[in-house]
Structure formats: C-alpha cells, structure tokens
Amino acid sequence: MVIKPKIRGFICTNAHPVGCAEGVKEQIDYVKSQGELDARPKNVLVIGCSTGYGLASRITSAFGAGAKTLGICFEKEPTERKTGTAGWYNTAAFHQEAQEAGLYAKTINGDAFSNEIKEKTIELIKQDLGQIDLIIYSLASPRRTDPNTGETYVSTLKPIGGTYTTKTFDTNKKLVHDVTLEPASDEDIANTVKVMGGEDWELWISALNQAGVLADNCRTTAYTYIGKELTWPIYGHATIGKAKEDLDRASATLNSQYKDVNLKAYVTSLKAVVTQASSAIPVMPLYISLMYQVMKDEACHEGVIEQIYGLFNNLLLSDNPPVDDEKRLRMDTVETNDEIQNKIKAIWSKVNTENFPELGDYTGYHLDFLKLFGFGYENVNYDEDISPIANW
Ligand code: NAD
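Take the sequence shown: its letter number 151 is residue 190 in the working numbering, and every next letter is one higher.
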C-alpha cells in the first residue's frame, strides 16, 4: 500500500508506519543525546502511552532511565486494507526499539477508564514487575464511560459565562477569521470534569494501592495546560480548565490519602505543543503557530520530548521540587512569561489571512501535525508500496 496523508479537518485519518517509527527514533535519539537521568525510576506505568506527552514520558523513562515500561493506550490495529492509528505504529516502533535495547516493554490496548483494563494492568504488574514506582497519567479523550454506572459522558470545549468571539485559523480553508463560541451549560461543565478531571486518576491509584502494587515513595503526575490571557477564555477558564482544576483537587486528595505509602502526586503544567488532542481545540492551531514563531525567534522553542526530559530531569524525580501556589510542577514558565506572551499578543492583534504566513509559524505547525501521523519526514520514501501491518 502507498500511504499518503488523508486530512479531514483537524485530524488525519490514516498514518504511516515507517514515518511513525522515525518519529519514535528521533525522540529516543534526543533522550540518548541528553544522557541518563540522575534519579531513575525502575518500573513505570504510562496511562496514555502511545502519542503526545505520554509517548515522550515512556521514551524518557525507558531510554533516559533504563526503566521497564508498561503502557496503556486506546489505538486501532491496522488491517491489510486500512492503516492503523499513529499511536498503534508508535507503540509497535517503541517495542521494537526497546527490545533491541534489551528493555522490558508491554502495552495493553483498551479503555483505560474501564475496570477491566485496570484489572488486566494489575495482573501484569504482579506477574512481571511486582510494584510500580512511577505512574504517568496522560489521557486525552473526548468521552468516558463511568465504569460503575455504565453511563457515558462527553466533554466539550466551550467558554464559561457567555459567548466568546476570538480569532481562529481554519486549517482546511487556510483562513484566519473570527469565531464565536457558545457558552457551556452547567451540564457541559460537569460532563467535561467527569471525562478529563481527576476521578479516573484517583480510581487508578486506588486500584493499584488496593492490589499492593504501589511501591513505597511512588510518584505520579497528571498533565495540565494552564496558558495565559489569549487561551484562558477557551482553555484555562473554560470547560476543560474546570476539568484541569479538578486534577488539582485530586492530587491534594491523593497526597493525603496515600501518605502511608509515601505517594507523591503532582499535577504538571506543560507548554502547548502540536498533538492530536491540541489540534482539536478551537483557537489552538492559531495560538500555537504564533507562539512557535515567537519562541523559535527567541531560541526557546521546545517540543514534547524536550519538555518531558526536562520535567523528569529537573522536577518530577527530585526530592523536593519547586512547586507553584497550587503545588503544581511547572514546565510552561517560558511560554507563559510576560515577555513571550506580550510578543504573541502583539502579533495576535495584527494577524489576518494575508500576513499569517509571515507572522506565524504555520509551516512549523503543519509539519509537526503531519509528523504526528508519520508524514513529513525527509528520509521516508512516501511513494514506496509498504505493508500497513505492524505488531508488538
Ligand atoms: P494525545 O492525544 O497525543 O494522547 C492521548 C493518549 O491517551 C493516547 O496515548 C491515547 O491512546 C490515550 N487514550 C485516549 N483515550 C483513551 C482511553 N479511553 N483508554 C486508554 N488510552 C486512551 O494527547 P496529549 O496532547 O499528549 O495529551 C496528554 C495530556 O497532556 C492531556 O492531559 C493534555 O491535557 C495534557 N497537555 C497537553 C498539551 C498540548 O499542548 N498538547 C499541553 C499541556 C498539557
């Protein structure tokens, strides 16, 4: 099969196995170039391990610390006629690289919100690893079925309190235009908290603790995005921001509830990057393109792997890492500092369809977007007829 990108709106509906493997290799090479981490977790569970920040966390654990990794993801397997999802191919490539490096890696593909997958995970930990000393919670999902009631909740990306009009970039029509977003109802807010809030993180830790597979001094983190004025109306102060506030509640609860095993739970705020999750959020493609331009001009641009390696090396595994007022770890301080934000705001007020290619780094944004699905790598031959099948 010759595989070319099939882009529909903010998503690409296919993926390239060789390109995805190239992306995984690039991240591994970056981690190896940085050297081994000082503090090294031994057995790491990554919930949401196949793309974005979760994949980078798995790669950093394995190739920066030599850790055994157990990953959980929800990806589509390829068939002879249809490609798998990028996360499937990333996972296959990660397994291949881990095996060559002599590193333990297993992945469970299924719904992390379900009791069944939690039970399977615990079985596997008992069988292979004994205990876990680091748990990364990196799920991004538009829906969640409550494992106890069977009810499915759908999250929304809506402002709170009133309609909000802002600029956005239509990645299909290549137009910068105003968009008016309708406000969330109370139900929208509650549902988004149910999907992307801290409840499932707490359920995971509770299940692992009850099974006796949490190592003493285990660490866990869930990822958040805080942002600043330009993104607050659609993110920080919107439905998804309410869900992220619930993570702060959950981390405080976890820290007090599991004191006996010395669990340390943190919410980590990361910078905005191009991932499948962020491309689906209105306004983010425009904001990220302008932010990339400013941060590249200022030579302080970072992608997923730089952020996660920095987090593991400087904060997450340290004894008493610096935290903000909400006790969060912050990897986003360069993006959110006033100097960078003022530069983004200055171009935000001027940007339109005509000047966007000069003012913003849409080329960089789009290349990162293609790479999420294994496209856009110079050293991959996209005319080659290849098998879409890849296994782990
Ligand atoms: P992503 O879409 O790249 O990754 C999501 C992961 O979750 C994938 O591994 C997917 O397989 C898994 N997943 C989704 N639903 C699942 C389910 N039901 N069961 C099992 N696995 C499931 O997203 P991302 O951008 O890396 O986001 C990860 C976290 O980082 C989120 O909490 C997000 O809010 C946060 N974050 C993202 C950004 C950003 O700019 N992308 C910035 C800061 C924080």
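Even for Gly, the Cβ is constructed at its ideal location relative to N, Cα and C.
Keep in mind that this is a model prediction, so the values were computed, not measured.
| request: Out of D377, L293, P361 and I265, state which residue places its alpha-carbon closest to the alpha-carbon of V333. | output: Locating residue 333 in the sequence shown gives position 294, where the first residue counts as 1. When each option's Cα is compared against that of V333, the closest is D377.
| Helix, strand or coil for S318 per DSSP? | Walking along the sequence shown from the start, residue 318 turns up at place 279. In the structure shown, S318 sits in a helix (DSSP, three-state: H, G or I).
| said: In this structure, how does DSSP classify A144 when only helix, strand and coil are distinguished? | reply: In the sequence shown, counting from the first residue as 1, residue 144 sits at position 105. In this structure, DSSP gives A144 an extended state, which the three-state scheme calls strand.
| said: Closer than 6 Å to a non-hydrogen atom of the ligand NAD - does that hold for the CB of L84? | reply: Working through the sequence shown from its first residue, we reach residue 84 at position 45. No, the beta carbon of L84 sits no closer than 6 Å to any heavy atom of the ligand NAD.
| task | Would you mind giving the Cβ-Cβ distance between D92 and V343, rounded to the nearest angstrom? I have them listed as a contact below 8 Å. | result | Residue numbering aside, residue 92 sits at position 53 when the sequence shown is read from its first letter. Residue numbering aside, residue 343 sits at position 304 when the sequence shown is read from its first letter. For clarity, residue 92 is Tyr in the given sequence; the question names Asp instead. Correct: roughly 6 Å between the Cβ atoms.
| request: Spatial neighbours of I383 within its chain, please: CB distance less than 7 Å, with the 5 preceding and 5 following residues excluded, ordered by chain position. | output: Here residue 383 is taken as the residue at index 344 of the sequence shown, counted from 1. Taking I383 as the centre and dropping the five residues before and after it, the same chain places the C-beta of L269, L329, M330 and V333 closer than 7 Å to its C-beta, in chain order.
| said: I need the straight-line Cα distance from G169 to D209, nearest angstrom please. | reply: Numbered from 1 along the sequence shown, position 130 holds the residue referred to as residue 169. Numbered from 1 along the sequence shown, position 170 holds the residue referred to as residue 209. Rounded to whole angstroms, the gap between the alpha carbons of G169 and D209 is 49 Å.
| task | Starting from D217, follow its DSSP beta bridges and name the residues at the other end. | result | Working through the sequence shown from its first residue, we reach residue 217 at position 178. K206.
| message | Beta-carbon distances below 6 Å to any heavy atom of the ligand NAD define the shell here; list its residues in chain order, please. | response | Going by the Cβ distance cut-off, the answer is G87, C88, S89, T90, G91, Y92, G93, I111, C112, F113, E114, G126, D150, A151, F152, S177, L178, A179, S180, Y262, T263, Y264, L309, A311, V312, T314, Q315, A316 and S317.
| Selected residue, minimal CA-CA separation from I379, among T402, I327 and L411 | Locating residue 379 in the sequence shown gives position 340, counting from the first residue. Distances from the CA of I379 to each of T402, I327 and L411 were compared; the closest alpha carbon is that of I327.
| Through-space distance from T205 to N394, alpha-carbon basis | What you label residue 394 is simply residue 355 of the sequence shown in a count that begins at 1. What you label residue 205 is simply residue 166 of the sequence shown in a count that begins at 1. Straight-line spacing of the CA atoms in N394 and T205 works out to 17 Å.
| query | In whole angstroms, what separates the C-alpha of I111 from that of G58? | reply | Numbered from 1 along the sequence shown, position 72 holds the residue referred to as residue 111. Numbered from 1 along the sequence shown, position 19 holds the residue referred to as residue 58. Those two C-alpha atoms are separated by around 22 Å.
| field | G62, buried or exposed, once every other Cβ within 10 Å from all chains shown has been counted against 16 | value | Taking the first residue of the sequence shown as position 1, residue 62 is located at position 23. With 16 or more Cβ atoms within 10 Å of its Cβ, G62 is classed as buried.
| said: Give me the residue from I265, A429 and A95 with the minimum Cα distance to L309. | reply: Residue mapping note: residue 309 aligns to position 270 of the sequence shown, counting from 1. Of I265, A429 and A95, the residue nearest in Cα terms is I265.
| field | Unbroken alpha helix (DSSP H) run spanning Y331, endpoints | value | Translated into the one-based positions of the sequence shown, residue 331 becomes position 292. Per DSSP, Y331 belongs to the alpha helix (DSSP H) from M323 to D336.
| message | Give me, in chain order, the residues of the same chain whose beta-carbon lies closer than 6 Å to that of N352; leave out the 5 immediate sequence neighbours on both sides. | response | Reading the sequence shown from its first residue, position 313 is the one you call residue 352. Excluding residues within five positions, the ones whose Cβ falls inside 6 Å are L76.
| field | Proximity of K283 and T263 at Cβ, strictly below 7 Å | value | Stepping through the sequence shown from its first residue, residue 283 is reached at position 244. Stepping through the sequence shown from its first residue, residue 263 is reached at position 224. Yes, the pair counts as a contact, with Cβ atoms nearer than the cut-off.
| Do Y192 and K233 have their CB atoms nearer than 7 Å? | For the purposes of this step, residue 192 is identified with residue 153 of the sequence shown, where counting begins at 1. For the purposes of this step, residue 233 is identified with residue 194 of the sequence shown, where counting begins at 1. The Cβ atoms of Y192 and K233 sit closer than 7 Å to each other.
| task | Check C88 in the structure and name its three-state DSSP category. | result | Here residue 88 refers to the residue found at position 49 of the sequence shown. In this structure, C88 counts as coil in the three-state DSSP scheme.
| said: For W271, which residues in the same chain have their Cβ closer than 8 Å to its Cβ, ignoring the five residues on either side in sequence? | reply: Counted from its first residue, the sequence shown places residue 271 at position 232. Contacts found: A277 and G280.
| field | Where S288 sits in the DSSP three-state scheme | value | One-based indexing of the sequence shown puts residue 288 at position 249. As written in the sequence, residue 288 is Arg, which differs from the Ser given in the question. Helix at R288.
| said: Let me confirm a value: K410 is counted as buried when at least 16 other C-beta atoms fall within 10 Å, else exposed. Which label applies? | reply: What you label residue 410 is simply residue 371 of the sequence shown in a count that begins at 1. Of the other Cβ atoms in all chains shown, 16 or more fall within 10 Å of the Cβ of K410; this residue is therefore buried.
| query | Using DSSP with H/G/I as helix, E/B as strand and the rest coil, what is R120? | reply | Stepping through the sequence shown from its first residue, residue 120 is reached at position 81. Coil.
| Whole-angstrom C-beta distance between K145 and D172, which should lie under 8 Å | Looking up residue 172 in the sequence shown gives position 133. Looking up residue 145 in the sequence shown gives position 106. In this structure D172 is not in contact with K145, their Cβ atoms being roughly 16 Å apart against a cut-off of 8 Å.
| message | I'd like to know whether the C-beta atoms of A36 and Y176 end up nearer to each other than 7 Å. | response | With the chain represented from 40 up to 431, any question about residue 36 goes unanswered, as that position is not in the structure.
| For the region 237–316, which segments carrying the beta strand (DSSP E) assignment without a break, of at least 3 residues, lie completely within its bounds, in sequence order? | Taken in chain order, the unbroken stretches of beta strand (DSSP E) that lie wholly in the region 237–316 and span 3 residues or more are 253–263 and 303–308.
| task | Note down, in chain order, each residue of its chain lying with its Cβ closer than 6 Å to the Cβ of M323, except the 5 sequence neighbours on either side. | result | The residue you call residue 323 lines up with position 284 of the sequence shown. Excluding positions up to five away in sequence, the list reads S317.
| request: Give a yes or no on whether 7 Å exceeds the smallest Cβ distance from V390 to chain D. | output: Protein chains in the displayed structure number just one, and chain D is not present.
| said: For a test of the three-state rule: what should DSSP assign to G110, helix, strand or coil? | reply: The sequence position of residue 110 within the sequence shown is 71, counting from 1. In this structure, G110 counts as strand in the three-state DSSP scheme.
| query | For G275, which residues from the same chain have a beta carbon less than 7 Å from its beta carbon, with the 5 sequence-adjacent residues on both sides left out? | reply | Here residue 275 is taken as the residue at index 236 of the sequence shown, counted from 1. Here the set comprises I265 and G266.
| message | Could you tell me which whole beta strand (DSSP E) segments of length 3 or greater appear in the region 353–414? | response | Runs of the beta strand (DSSP E) inside the region 353–414: none found.
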